[in-house]
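Number of protein chains: 4
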Amino acid sequence: MIRVTVWYENMFHPQTQAAVKAMYPLGLPQTIAAFLERDPQVAVRVVTMDQPACGLPDEVLDETDVLLWWSHSGYDLVPDEVARKVADRVLKGMGFIPLHSAHYAKPLRLLLGTSCTLRWREADYERLWCVMPSHPIAAGLPVCIELPEEEMYGEFFDIPQPDELVFTGWFRGGELFRSGCCWYRGMGKVFYFQPGHETHAAYHNPYVQQILLNAVHWAAPTARREQLFFLHDDLGTDELARQGRPVPQY
Amino acid sequence: MIRVTVWYENMFHPQTQAAVKAMYPLGLPQTIAAFLERDPQVAVRVVTMDQPACGLPDEVLDETDVLLWWSHSGYDLVPDEVARKVADRVLKGMGFIPLHSAHYAKPLRLLLGTSCTLRWREADYERLWCVMPSHPIAAGLPVCIELPEEEMYGEFFDIPQPDELVFTGWFRGGELFRSGCCWYRGMGKVFYFQPGHETHAAYHNPYVQQILLNAVHWAAPTARREQLFFLHDDLGTDELARQGRPVPQY
Amino acid sequence: MIRVTVWYENMFHPQTQAAVKAMYPLGLPQTIAAFLERDPQVAVRVVTMDQPACGLPDEVLDETDVLLWWSHSGYDLVPDEVARKVADRVLKGMGFIPLHSAHYAKPLRLLLGTSCTLRWREADYERLWCVMPSHPIAAGLPVCIELPEEEMYGEFFDIPQPDELVFTGWFRGGELFRSGCCWYRGMGKVFYFQPGHETHAAYHNPYVQQILLNAVHWAAPTARREQLFFLHDDLGTDELARQGRPVPQY
Amino acid sequence: MIRVTVWYENMFHPQTQAAVKAMYPLGLPQTIAAFLERDPQVAVRVVTMDQPACGLPDEVLDETDVLLWWSHSGYDLVPDEVARKVADRVLKGMGFIPLHSAHYAKPLRLLLGTSCTLRWREADYERLWCVMPSHPIAAGLPVCIELPEEEMYGEFFDIPQPDELVFTGWFRGGELFRSGCCWYRGMGKVFYFQPGHETHAAYHNPYVQQILLNAVHWAAPTARREQLFFLHDDLGTDELARQGRPVPQY
């Protein structure tokens with residue numbers, strides 16, 4: 033069972049809230065939870081920024097294998113210590129899937145080390161091309177999918193070169209964007225996915241749903257580490273082994 | 033002319049100071065400056081942590097193309113705002129070459145996003161293998177070089193996969209280490225190089241000197257950016273071009 | 033069910049045959065098959081070079097999801113057309129796991145494009161370090177494992193930079209080697225793993241067995257492609273979509 | 033001085049020849065030579081497919097630091113042994129810059145190991161975005177440049193993940209393409225650049241000229257290797273060093 037938490041920045045202006053509700057009557061994060069949970073191997077919990085500890089007390093993170101993070105504008109409302117805690121959890125093994133405007137979420141910026149700035153414009157038609165069909169996150173996908181309306185994010189996108197660039201978005205207005213990017217960080221895996229503006233229909237798109245489900249499986253932890261410490265020993269590893277003493281792990 | 037600044041953490045215990053002076057009578061950063069300056073294209077300035085603004089006021093950074101950073105233990109003595117300023121300069125184009133224990137320097141951790149923890153032990157014999165001879169930083173180097181005594185740094189080294197892994201170190205005691213690693217971050221280039229303990233002779237080694245000189249040339253800025261801002265426009269790039277209006281740059 | 037084929041170059045000198053039988057009484061490829069098949073999701077077939085079509089007629093390849101390839105010296109006995117066929121199958125989605133001396137197997141050289149030459153020496157003690165514990169192939173592994181006796185392969189190893197470098201080997205005699213390397217090629221995935229000399233015990237090592245089982249799962253196809261053709265259309269993708277006509281896939 | 037050779041497939045149908053001459057009165061490869069030679073550090077020679085040894089006898093390759101390769105349709109007219117020789121030269125250190133339709137040139141396919149197939153269509157408007165402004169090949173370039181008419185090449189482009197993806201092309205018809213890609217292969221460096229159809233004006237574009245000049249500098253050899261051999265020794269490197277005996281190089 034993969035335990036997924038969907039974190040949602042829910043502090044919009046009332047007018048926006050209404051528009052989101054019109055597009056996602058179930059609620060945006062609840063919509064994501066619903067399609068992920070069609071996979072019996074996945075269990076989803078939704079948390080929101082206005083909850084205690086920003087929705088992410090230790091007991092929630094302790095039970096999270098993969099964290100999806102949807103945010104749009106309240107970046108600075110997330111305390112630094114929450115961001116640091118989330119980033120450290122990723123380094124210790126938790127999967128992390130920042131969605132759409134979460135390209136600028138504090139935990140992602142901590143993990144990538146770049147400014148994560150980009151070019152943007154309001155709604156445009158997007159065509160998402162798969163440039164790495166061998167990747168597990170692209171399983172079952174056609175070579176391109178259409179998103180009739182999506183917020184435009186364009187290059188230059190200030191990110192480290194992705195370890196794996198899976199999708200690139202084409203926008204009718206003339207831009208393109210590295211829209212589906214994988215990075216390995218510490219014991220954890222990170223997948224950023226660009227589509228998903230709150231008033232557009234991306235999360236109703238069955239291909240987008242497939243991508244995010246694939247990503248949850250890809251990002252599920254395969255290793256864990258308890259501490260982010262230095263390891264020191266007076267003896268070399270070879271000598272330790274000769275003496276039958278254990279080699280410090282991670 | 034490439035303007036290089038060598039930053040040095042000079043706040044050692046007096047006993048260590050004496051040992052460093054015995055190995056590097058000229059001073060450790062001055063030794064680095066001296067061999068770099070044999071290249072007439074390179075001009076070097078040495079700054080130290082105990083100077084105002086941690087040795088890095090804006091007027092120094094404004095005149096720095098490539099920053100070498102040597103530190104060993106006073107990581108936390110560098111104020112967060114200095115570390116942030118250095119990292120931002122890299123994102124805007126400045127080259128950055130953290131040396132030896134600077135694997136844990138604040139600016140590098142900000143740029144890499146991982147814990148940068150590792151395994152370590154006191155002096156051992158190291159053999160440095162070149163695993164990417166096509167790289168400009170390896171120009172003129174043999175396939176391996178010997179460092180009769182060097183502090184042992186071993187895996188697992190918690191770094192993002194290097195964009196280019198140029199050197200890997202073998203230690204007689206049984207360990208290995210990704211010792212020469214390149215990353216691109218924003219407009220800037222980063223090269224981490226492991227040898228260089230303050231009481232060992234690495235910086236007297238002509239091959240190490242060649243590597244660092246090569247690295248300075250590789251990391252010299254080829255692009256600059258003034259601001260780390262988002263770019264927004266109401267019109268698509270294609271429409272802007274049709275109207276003969278400029279496309280916002282970086 | 034993942035359908036695995038283990039290909040084996042079985043045309044050794046009788047003296048070597050006897051030494052292999054002493055180490056692997058079941059047979060070397062049969063030993064690999066036996067530990068992989070402990071996973072109920074994996075079905076294994078063994079084929080050998082002396083069989084018709086080099087052991088790889090179409091009907092075998094048609095039923096192969098992941099191909100393990102063990103060879104040591106008879107590289108040139110594999111006809112070019114068999115090597116090409118295997119490489120094309122990988123580009124169409126088949127997983128490929130060349131073992132030990134298969135670093136020089138024709139299909140791998142076709143897929144990597146480099147000379148795949150290296151430095152080598154007879155048996156030495158090897159310590160295999162994990163440099164990417166987040167990788168699925170490293171799941172369940174300690175940070176390093178011991179191989180008391182293994183043929184030494186050392187750098188410079190002329191391969192493209194691995195997409196993911198998972199393991200690096202340390203040899204007591206002074207060398208190191210990129211021993212566990214992943215590449216994506218077309219629709220397929222490739223994992224090269226260095227330990228596995230025919231007269232040494234690597235395939236009896238439970239950690240090596242775990243690595244290869246993990247690799248089979250990682251390399252199992254997630255996408256397939258029937259032809260390696262160019263795609264051409266008179267109309268742009270956007271216009272095709274407007275007309276409701278299908279976009280050519282792969 | 034960087035010694036550049038521009039290889040040109042000149043066996044077009046007479047009608048095409050006339051169209052090329054109309055666009056490039058000087059000749060297509062001569063046009064490339066002319067703008068490269070404005071750099072006093074660069075000397076250029078033009079060779080063509082109809083010359084003896086396919087234009088590439090050993091004495092030409094011996095004097096070539098960087099080889100640009102322009103071809104469009106006569107892929108199979110290049111003998112396998114010429115393609116092999118060129119690829120081996122790259123592995124030994126020669127820079128290689130395949131242009132436009134040379135994505136399918138035999139030497140490039142040998143070096144990359146994939147099918148290099150793609151999607152294509154006749155002339156469309158292209159906008160070339162820089163996705164890695166820190167790369168030396170992007171020095172002096174704006175974030176995007178316009179190519180009013182260029183043959184459309186689109187994804188999926190079956191190449192290995194580039195070591196560095198510098199440019200991505202946007203086509204008005206709905207496609208995008210990894211248009212400027214770097215790979216390291218052996219001792220050599222490879223840069224593929226997509227624009228450059230024989231009847232379109234790409235090589236008159238000053239930005240394209242800058243890109244190719246930058247690429248020549250980037251691809252110029254920084255290391256050489258004479259042979260693509262295995263290296264063997266009876267003694268470990270550590271023991272060799274103790275005895276003061278040389279370690280075999282490449």
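Protein chains in written order, with the numbering used here: chain U, 33 to 282; chain G, 33 to 282; chain R, 33 to 282; chain L, 33 to 282.
Note that CB positions come from ideal geometry on N, CA and C, so glycine has one too.
My output table needs one value for Tyr-235/R: the three-state DSSP class, helix, strand or coil.
helix
So, for Pro-61/U: in the same chain, excluding its five sequence neighbours on each side, which residues have a beta-carbon less than 7 Å away from its beta-carbon?
Val-38, Tyr-40, Val-78 and Trp-102
By the DSSP assignment, the beta strand (DSSP E) with Arg-270/U in it spans what residues?
The identity of residue 270/U in the sequence shown is Asp, whereas the question assumes Arg. Counting along the chain, Asp-270/U falls outside any beta strand (DSSP E), though it belongs to the alpha helix (DSSP H) covering 269–274.
Chain-order list of residues whose beta-carbon lies under 8 Å from that of Thr-146/L (same chain, five-residue window excluded):
Asp-190, Ile-191 and Pro-192
Taking only runs that begin and end inside the region 89–117 of chain R, name each unbroken alpha helix (DSSP H) of 4 or more residues, in chain order.
90–93
Rounded straight-line distance, which links the Cα of Leu-100/U to that of His-132/U
11 Å
Would Val-74/R and Ile-129/R be called neighbours here (beta carbons separated by less than 8 Å)?
no
Since Val-136/G sits in a beta bridge, which residues does DSSP pair it with?
Residue 136/G is actually Tyr in this sequence, not Val. Answer is none; Tyr-136/G lacks a bridge partner.
So does the region 63–72 of chain G actually touch the region 237–246 of chain G, counting three or more Cβ pairs closer than 8 Å?
yes
Could you tell me whether the region 257–265 of chain U touches the region 159–166 of chain U, using the rule of 3 or more Cβ pairs below 8 Å?
no
Should the region 79–88 of chain U be regarded as contacting the region 135–143 of chain U, the criterion being three or more beta carbon pairs within less than 8 Å?
no
Interface residues of chain U around Arg-14/G at Cβ under 7 Å?
Nothing can be reported for residue 14/G: it is not among the residues displayed for chain G, which extend from 33 to 282.
Between Arg-210/L and Asp-156/L, how many whole angstroms is the CB-CB distance? I'm expecting something under 8 Å.
Actually they do not touch by this definition, with Cβ atoms about 17 Å apart.
Do the CB positions of Thr-231/R and Arg-159/U come within less than 8 Å of each other?
no
Chain-order list of residues whose beta-carbon lies under 7 Å from that of Leu-173/R (same chain, five-residue window excluded)
Cys-162, Tyr-239, Gln-242 and Ile-243
For Gly-186/G, I'd like the list of residues in its chain whose CB is within less than 6 Å of its CB, leaving aside the five on either flank, ordered along the chain.
Arg-151, Glu-207 and Phe-209
In this structure, does DSSP put Met-55/U in helix, strand or coil?
helix
So the alpha helix (DSSP H) Ile-34/U belongs to, where does it begin and stop?
Note, Ile-34/U: premise wrong, no alpha helix (DSSP H); beta strand (DSSP E) at 34–40.
Look up Asp-156/R in the DSSP assignment and say whether it is helix, strand or coil.
strand
How about Phe-225/R and Trp-250/R: do their beta carbons lie closer than 8 Å?
no
Short-range partners of chain R found in the region 127–157 of chain L, where Cβ spacing is below 7 Å
Leu-142, Leu-143, Leu-144, Gly-145, Thr-146, Ser-147, Thr-149, Leu-150, Arg-151, Trp-152, Arg-153 and Asp-156
Range of the contiguous beta strand (DSSP E) that encloses Leu-208/L:
208–217
In terms of residues, what are the limits of the beta strand (DSSP E) holding Thr-149/G?
First-last for Thr-149/G: undefined, no H or E at that position.
Pick from Gly-106/L, Ala-255/L and Ala-85/L that is closest to Val-113/L, judged by C-alpha positions
One point to set straight first is that residue 113/L is Glu, not Val, in the sequence displayed. Answer by Cα proximity: Ala-85/L.
In terms of alpha-carbon separation, which member of Arg-217/G, Arg-277/G, Ala-170/G and Gln-275/G lies closest to Arg-121/G?
Arg-217/G
Give me the Cα-Cα distance between Lys-221/L and Thr-149/G, rounded to the nearest whole angstrom.
33 Å
Please list the terminal residues of the continuous beta strand (DSSP E) segment that includes Leu-173/G.
Taken as a continuous stretch (DSSP letters only), Leu-173/G belongs to no beta strand (DSSP E), as it is neither H nor E.
For His-264/G, three-class secondary structure by DSSP:
strand
What are the residues in the region 91–102 of chain G lying within 9 Å of chain R by C-beta distance?
none
Helix, strand or coil for Ile-284/L? Go by DSSP, reduced to three states.
Look at the range of chain L in this structure, 33 to 282, and you will see that residue 284/L is not part of it.
Whole-angstrom C-beta distance between Met-219/G and Lys-138/G, which should lie under 8 Å
Wrong, their Cβ atoms sit about 20 Å apart, outside the cutoff.
Own chain, CB closer than 7 Å to Tyr-136/L, minus 5 neighbours either side, in chain order
Tyr-107 and Cys-148
Residue from Met-184/R, Cys-214/R, Glu-182/R and Leu-179/R with nearest C-alpha to Glu-196/R
Cys-214/R
Here's the rule: buried if 16 or more other CB atoms are within 10 angstroms of the residue's CB, otherwise exposed. What is Leu-58/U?
exposed
Which residue from Tyr-282/G, Val-118/G and Pro-111/G puts its Cα closest to that of Val-92/G?
Val-118/G
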